[in-house]
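Novice: In terms of my numbering, the sequence shown is numbered consecutively and its last residue is 144.
All C-beta atoms, glycine included, are put in the ideal place defined by N, C-alpha and C.
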Amino acid sequence: MVRPGTFCYNSNSMETEDFKRSRPFELRLIAHSETEAEIVEEQAQALSRVSKRIEQYLNELGRLNSEIERSLREGDLKRANALIERFNETRQLAHKYLYFLVVQREAIGFRIHPDMSRIFPIPPRKKRIDEAQIQQDHHSQ
Numbered sequence: 004m005v006r007p008g009t010f011c012y013n014s015n016s017m018e019t020e021d022f023k024r025s026r027p028f029e030l031r032l033i034a035h036s037e038t039e040a041e042i043v044e045e046q047a048q049a050l051s052r053v054s055k056r057i058e059q060y061l062n063e064l065g066r067l068n069s070e071i072e073r074s075l076r077e078g079d080l081k082r083a084n085a086l087i088e089r090f091n092e093t094r095q096l097a098h099k100y101l102y103f104l105v106v107q108r109e110a111i112g113f114r115i116h117p118d119m120s121r122i123f124p125i126p127p128r129k130k131r132i133d134e135a136q137i138q139q140d141h142h143s144q
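1) Is threonine 93 near leucine 64, with beta carbons less than 7 Å apart?
2) Can you give me the C-alpha to C-alpha distance between proline 127 and glutamate 44, rounded to a whole angstrom?
3) Report the CB separation of asparagine 68 from phenylalanine 90 in whole angstroms; it is logged as a contact under 8 Å.
4) Just to confirm before moving on: does the CB-CB distance between tyrosine 100 and arginine 52 stay below 7 Å?
5) Buried or exposed, going by whether 16 or more other CB atoms sit within 10 Å of the CB of alanine 97?
6) For aspartate 133, does the three-state DSSP call read helix, strand or coil?
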């Protein structure tokens with residue numbers, strides 16, 4: 004008879020009887036901890052993906068803004084307005100993903116959010132430009 008706390012020899016390993024009895028519980032704890040770690044890792048990756056998507060949209064907005072200004076300098080009103088439309092669509096996507104980021108943060112327990120408009124500064128919507136506006140701007144200068 005083997006008393007608890009004493010060693011029990013078998014062909015596979017040397018373990019205490021207490022350890023043998025507690026093993027299923029410990030294995031469940033380890034599996035639970037590993038699953039929790041995987042969930043936390045996936046949550047962090049999801050937040051990272053959404054943040055990177057917002058940054059991509061912000062970079063695209065900067066590029067589109069430069070293209071709009073260049074088109075206006077060149078007098079290509081049609082192209083400028085097409086770019087303004089793309090700018091506004093991209094801006095909407097940036098806002099949508101910013102909303103997704105806040106929702107994901109709340110889903111994992113963050114209730115206080117830093118000033119997201121400073122972290123991800125989404126520029127204001129642009130208005131289409133018509134020929135009369137261009138002429139007015141030239142006369143006022």
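Specialist: Once the coordinates are examined:
1) yes
2) 34 Å
3) Taking the Cβ atoms as the reference, asparagine 68 lies roughly 7 Å from phenylalanine 90, within the contact range of under 8 Å.
4) no
5) Counting Cβ neighbours within 10 Å, alanine 97 comes out buried, since at least 16 surround it.
6) coil
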